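Q:
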Amino acid sequence: MNAVSAQTIAEEAEAALERIWAMYDEAEIERRKQRVRDVWDYRPVDHIPLHVTVYENPWHFTMRDTLEDGEKQWAVAIAGIERAMRVLPDDYIPTMRPDVGYMTMATVYGIPVHWSDDPNQMPGIAHNLIYDMKQVYDLPEADPTQQGLMPECLRREALFARRCQGKLYPSGIDMGGPLNTCKDLIETNLFYTAFYEYPKELHFLLDRITRDMIACYDAIIAAAGGKQNMSTTDFDSLWAPEKYKGYVSDDVCATISPQAFAEFGRPYNSRIFARYGGGLMHNCGPNPSAHLYLDHTPPIKGVTLAWEYSKGDAAAFKRAFAGRGLIYTGVGGLGADFGGDLKRTLDTFRGIAEFFAPDVVVVPCIGIDGASVTDDQIREAYSRLVQVSRDYAEHMRWVE
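In this note's numbering, the protein residues as written are 349 to 748.
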């Protein structure tokens, strides 16, 4: 199916975009955005917004196809947006993700990309760079925006943003976060040893990475025409309110102590949040430092996480986030087993709502495989999920 011509792909994407513009209702999108702004500030809403993504790929492109080819990635994104705008009755804010993989910052320092034989597997890094902590002082100085995958990231960000016209919202690029990038650069055993035996060298590298990362963020935001045109400043395609666009990944904090996170994670994340706004941190989980997440400088609004890896931390989040912190998490997906998928998704969301109300807002994220479900099924799923969401909102303790 990948034999489809580039011209055909472009024509089909352009036709879908024209249909999107015909449906686009700026006042309605603004109403939905205001609900998000309100819920982020713990102001009363009629229901907790549902973050729904519809995946459409009629060309059957592989993951490698779309990561390496921006036009294929654009076509898939536009197809999903068109379906979601046409079918979902509320909440949906059109966003997309310009994406080349998680390892952009590693390539900035010269690490090659590794692809497996499976074209639908996310790529990784070919090898580490640092096998002796003295090597942190030997990284060559160069403009990070011109190294590795960054030129393609900037080209793709600018292309998507120009086509989106400030009405559809591309995310930023997956920068990985300071500690995550350190883990890519340093051999794994040495990386975890460095927290205790080489703290000076680790701080030196974190400072360098954070400085380079901020230069890349600045260039990405400029390519997008400003933060107001973006969903978030990093990879996440959830729409964040204007004041809270800053976003940092820190999956390493799942594997280190709260003391190590406070010394080696939070200060460098804070430099990014201070520049772009205290939005969300990402960590799939688990979350030994959940009680420290919101207390960055500036304070941040919440976290995105994987419920399967984080549900054991629910009580810690309820204590730490009460009345101020948000959690975005996947509650399930809808595919070929629609009935079973919907039941599991409803059960998960209902359990979350019952546990966290009235103290903490959890925004449910639902992925839909468009090829496996009908329009009526999507509407049914939304209707049943929003019933839970309304009940959740009614039981919340809002800041009046």
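Beta carbons: idealized from backbone N, C-alpha and C, even for Gly. Just so it is clear, the structure is predicted and the values come from calculations on it, not from any experiment.
Counting only the same chain and skipping the five closest in sequence on each side, list residues whose C-beta sits under 7 Å from that of residue 646.
A: Taking the sequence shown and counting its residues from 1, one reaches residue 646 at position 298. 621, 622 and 626.
Q: I need the straight-line Cα distance from residue 606 to residue 600, nearest angstrom please.
A: By 1-based counting over the sequence shown, the position of residue 606 is 258. By 1-based counting over the sequence shown, the position of residue 600 is 252. If I take the Cα positions, the gap works out to 11 Å.
Q: Let me know the secondary structure DSSP gives residue 597 once reduced to three states.
A: Stepping through the sequence shown from its first residue, residue 597 is reached at position 249. In the structure shown, residue 597 sits in a strand (DSSP, three-state: E or B).
Q: Across the stretch 720-730 and the stretch 426-438, are there enough close Cβ pairs to call them in contact, namely three or more that are closer than 8 Å?
A: They touch, by the three-pair rule.
Q: Can you name, in chain order, every residue of its own chain whose Cβ lies under 7 Å from the Cβ of residue 463, other than the five neighbours on each side?
A: Counted from its first residue, the sequence shown places residue 463 at position 115. Excluding residues within five positions, the ones whose Cβ falls inside 7 Å are 412 and 471.
Q: Just to confirm the assignment, what range does the beta strand (DSSP E) spanning residue 644 have?
A: Counting from 1 along the sequence shown, the entry for residue 644 is found at position 296. No beta strand (DSSP E) contains residue 644, which DSSP labels as neither H nor E.
Q: Can you find at least 3 beta carbon pairs, one from the stretch 481-495 and one from the stretch 536-550, that sit closer than 8 Å?
A: Taking 8 Å as the limit for Cβ pairs, the verdict is that the stretch 536-550 does touch the stretch 481-495.
Q: Is it buried or exposed for residue 349, if we count other Cβ within 10 angstroms and need 16 for buried?
A: Residue mapping note: residue 349 aligns to position 1 of the sequence shown, counting from 1. Model confidence at residue 349 stands at a pLDDT of 44, short of 50, so the residue's coordinates are unreliable; what they give is reported in the following sentence. The residue in question, residue 349, is exposed, as its Cβ has fewer than 16 Cβ neighbours within 10 Å.
Q: Candidates 473, 553 and 448: which alpha carbon is nearest residue 487's?
A: The residue labelled residue 487 in the question sits at position 139 within the sequence shown. Checked all of 473, 553 and 448; the closest Cα to residue 487 is 553.
Q: Quick check: residue 534 and residue 582, are their CB atoms within less than 9 Å of each other?
A: Here residue 534 corresponds to residue number 186 of the sequence shown, with the count starting at 1. Here residue 582 corresponds to residue number 234 of the sequence shown, with the count starting at 1. Against a cut-off of 9 Å, the Cβ pair of residue 582 and residue 534 comes out as no contact.
Q: For residue 536, count neighbouring C-beta atoms within 10 Å of its own C-beta (all shown protein chains included) and say buried if the count is 16 or more, exposed if not.
A: Taking the sequence shown and counting its residues from 1, the one referred to as residue 536 is at position 188. With fewer than 16 other Cβ atoms within 10 Å, it is exposed.
Q: If I follow the unbroken alpha helix (DSSP H) through residue 544, where does it start and stop?
A: Position 196 of the sequence shown holds residue 544. Looking at the DSSP string, the run of the alpha helix (DSSP H) that includes residue 544 is 536-545.
Q: Could you give the residue range of the alpha helix (DSSP H) that holds residue 499?
A: Counting from 1 along the sequence shown, the entry for residue 499 is found at position 151. 498-512 is the span of the alpha helix (DSSP H), which, as asked, contains residue 499.
Q: Here's the rule I'm using: 16 or more other beta-carbon atoms within 10 Å means buried, otherwise exposed. How should residue 515 be labelled?
A: Start at 1 with the first residue of the sequence shown, and residue 515 comes out as number 167. Exposed.
Q: What does DSSP give as the partner residue(s) for residue 674 in the beta ladder?
A: Position 326 of the sequence shown, counted from the start, is the residue given in the question as residue 674. Answer is 650 and 709.
Q: Counting Cβ pairs closer than 8 Å, one from the stretch 639-654 and one from the stretch 672-692, do we hit at least three?
A: With the cut-off at 8 Å, the stretch 639-654 and the stretch 672-692 touch.
Q: Taking DSSP as the reference, what is the three-state secondary structure of residue 518?
A: If you number the sequence shown from 1, residue 518 lands on position 170. Residue 518: strand per DSSP, three-state reduction.
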